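Notes follow the structure.
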Amino acid sequence: MARKRSIDIREKQRPEERLQCESSAMQEFSQAKELLKQKKYKEALKKFKFVYSQPVVLHHDWSLPESELKTLIRHYAPAERVIRKWRNDKEKLILRGISDLALLRDWRSLNSCLKESNRTEIVFYKLKRLPENEDVIESILWELWRKLAKSKKYHEIGKYLRTLAWLVFLHVSEYESQRLFPRNESHEFQQMELQRMIEEIATEDPLVYEVALGLESTEVAEHICRKILSLEASDRTYGKLIMGAVRTKHFDEAQRLYSEAREILKRYPLCKNAVRKAPKCEAHRFK
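See below:
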């Protein structure tokens with residue numbers, strides 16, 4: 005795996021210089037937001053430009069004010085050109101194999117401001133054609149893999165299937181730990197956290213099962229399927245899993261899951277909807 009290069013300008017500054025830079029940027033940032041409220045868009049843009057010309061602040065301690073930048077673009081046409089330049093400058097660094105979490109985060113935010121979320125996939129394929137970019141590709145893939153899976157581009161994710169499967173098992177383990185050994189939060193907070201976890205496992209993790217089937221890794225797929233169902237065997241989980249099997253043309257697996265759902269569930273509208281996506285020639289399996 006290629007060694008990741010990253011930007012760490014803070015290491016080249018003395019602590020007092022860094023603190024002075026951060027303090028100055030914070031003042032300018034507050035002024036920029038105030039000017040934006042006053043609809044002084046040109047002046048606000050100048051202030052934002054100053055703040056984000058400070059790489060110490062930009063790359064390590066702050067995140068881009070996405071909502072404010074979107075407001076600028078809507079109301080002040082020159083802002084779009086400036087913000088696109090910021091995005092392009094960051095993209096050039098990424099394409100050179102330079103990355104850190106803050107740089108990638110800000111690049112994604114700027115893509116969102118410009119309504120160009122498709123840039124992530126464009127840059128992903130550009131990086132794949134360049135040497136020694138494995139770490140950067142992997143960082144981008146964590147944002148992109150769901151989109152690739154939904155487009156049935158499973159082969160692009162194949163190298164990371166076992167990591168994705170590991171994450172499914174981790175999610176289930178974290179849920180069980182929180183349920184059995186809650187920390188000192190309030191009961192209400194614990195229930196909210198458990199609900200958040202189960203929502204992710206039931207609605208997001210079945211996509212990993214689909215990826216495994218799409219890659220013909222049936223053993224991995226079965227482990228993922230059983231782990232998810234051990235936590236919640238509901239219409240929504242069965243429905244998602246069946247849909248994954250249908251989309252990857254594993255109709256025997258879809259039939260088995262549908263039969264299971266019919267045996268244990270009183271109502272299963274999502275499962276019925278999933279099997280309707282199967283080709284007519286396979287419809288006899290689900291009667």
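In my numbering, the protein residues as written are 5 to 291. All C-beta atoms, glycine included, are put in the ideal place defined by N, C-alpha and C. Remember, it's a predicted structure, so these values are computed and weren't measured experimentally.
Point to revise | Through-space distance from Ser234 to Ala287, alpha-carbon basis | key: As a first step, residue 287 is located in the sequence shown; it is residue number 283 there, counting from the start. As a first step, residue 234 is located in the sequence shown; it is residue number 230 there, counting from the start. Whole-angstrom Cα-Cα distance: 28 Å.
Practice item. Out of Lys291, Ala278 and Ala237, point me to the one whose CA is closest to Leu269's CA. Key: Reading the sequence shown from its first residue, position 265 is the one you call residue 269. Out of Lys291, Ala278 and Ala237, the CA that lies nearest to the CA of Leu269 is found in Ala237.
Practice item. With a 10 Å radius around its C-beta and 16 neighbouring C-beta atoms as the bar for buried, classify Cys285 as buried or exposed. Key: For this step, residue 285 is matched to residue 281 along the sequence shown. It is exposed - the Cβ of Cys285 has fewer than 16 other Cβ atoms within 10 Å.
Check your understanding: Would Arg289 pass as a contact of Phe255 if the rule is Cβ separation under 9 Å?
Key -> Here residue 289 corresponds to residue number 285 of the sequence shown, with the count starting at 1. Here residue 255 corresponds to residue number 251 of the sequence shown, with the count starting at 1. A contact, by the Cβ cut-off of 9 Å.
Exercise for review: State yes or no: is the C-beta of Arg240 within less than 9 Å of the C-beta of Leu261?
Suggested key: As a first step, residue 240 must be located in the sequence shown, where it is residue number 236. As a first step, residue 261 must be located in the sequence shown, where it is residue number 257. Cβ distance not < 9 Å, so Arg240 and Leu261 don't count as in contact.
Point to revise | Presumed contact (8 Å Cβ cut-off) between Lys328 and Pro210, rounded CB distance | key: Residue 328 cannot be examined here, being either before or after the span of the chain that is shown, 5 to 291.
Point to revise | Among Pro135, Glu70, Ala83 and Ile126, the one whose alpha carbon lies nearest that of Arg4 | key: Since the first and last residues shown for the chain are 5 and 291, residue 4 lies out of range.
Review point. Nearest-angstrom Cα distance between Ser113 and Arg133?
Key: For the purposes of this step, residue 113 is taken as residue 109 along the sequence shown, with counting starting at 1. For the purposes of this step, residue 133 is taken as residue 129 along the sequence shown, with counting starting at 1. The straight-line gap from Cα to Cα measures roughly 24 Å.
**Study point:** Contact check, Ile118 vs Ile77, beta carbons under 9 Å
**Key:** One-based indexing of the sequence shown puts residue 118 at position 114. One-based indexing of the sequence shown puts residue 77 at position 73. The identity of residue 118 in the sequence shown is Leu, whereas the question assumes Ile. A contact, by the Cβ cut-off of 9 Å.
Practice item. Could you give the DSSP three-state label for Ile161: helix, strand or coil? Key: Taking the sequence shown and counting its residues from 1, the one referred to as residue 161 is at position 157. Reduced to three states, the DSSP call for Ile161 is coil.
Check your understanding: Ala169: buried (16+ other C-beta within 10 angstroms of its C-beta) or exposed?
Key -> Counting from one through the sequence shown, the residue named residue 169 turns up at place 165. The residue is buried, with at least 16 neighbouring Cβ atoms inside 10 Å.
Point to revise | Nearest to Arg266 (by Cα), restricted to the options Ser28, Ala153, Pro82 and Tyr242 | key: Reading the sequence shown from its first residue, position 262 is the one you call residue 266. The residue from Ser28, Ala153, Pro82 and Tyr242 with its alpha-carbon nearest to that of Arg266 is Tyr242.
Practice item. Give the straight-line distance between the Cα atoms of Lys291 and Met247, rounded to the nearest whole angstrom. Key: The residue labelled residue 291 in the question sits at position 287 within the sequence shown. The residue labelled residue 247 in the question sits at position 243 within the sequence shown. So the two alpha carbons sit approximately 16 Å from each other.
Point to revise | heavy atom of the ligand HEM below 8 Å from Cys25 C-beta | key: In the structure shown, the ligand HEM is absent, as is every other ligand, since no ligand is present at all.
Review point. Can you tell which of Gln42, Lys41 and Leu68 has the C-alpha that lies nearest to the C-alpha of Ala29?
Key: Numbered from its first residue, the sequence shown carries residue 29 at position 25. Closest option to Ala29, Cα to Cα, is Leu68.
Exercise for review: Report the option in Ser263, Glu264 and Val212 whose CA atom is closest to the CA atom of Thr252.
Suggested key: As a position in the sequence shown, residue 252 is number 248, starting the count at 1. Nearest option by C-alpha distance: Val212.
Practice item. Give a yes or no on contact between the region 197–205 and the region 148–165, applying the rule of three or more CB pairs nearer than 8 Å. Key: These segments do not touch.
Check your understanding: In chain order, what residues of the same chain lie with their CB nearer than 6 Å to the CB of Ser10, ignoring the 5 residues before and after it?
Key -> Against the sequence shown, residue 10 aligns to sequence position 6. Low confidence applies to Ser10: its pLDDT is 43, below 50, so where it sits in the model is not reliable enough to give any reading.
Practice item. Establish whether the CB of Ser143 and some CB of chain B are separated by less than 9 Å. Key: The structure shown contains no chain B; it is built from a single protein chain.
Exercise for review: Counting only the same chain and skipping the five closest in sequence on each side, list residues whose C-beta sits under 7 Å from that of Lys37.
Suggested key: Against the sequence shown, residue 37 aligns to sequence position 33. Result list for Lys37: Glu72, in chain order.
Point to revise | CB-CB length for Lys215 against Leu165, believed under 8 Å | key: Position 211 of the sequence shown holds residue 215. Position 161 of the sequence shown holds residue 165. Here the sequence assigns Val to residue 215, which means Lys is not the residue at that position. Right, their Cβ atoms sit about 6 Å apart.
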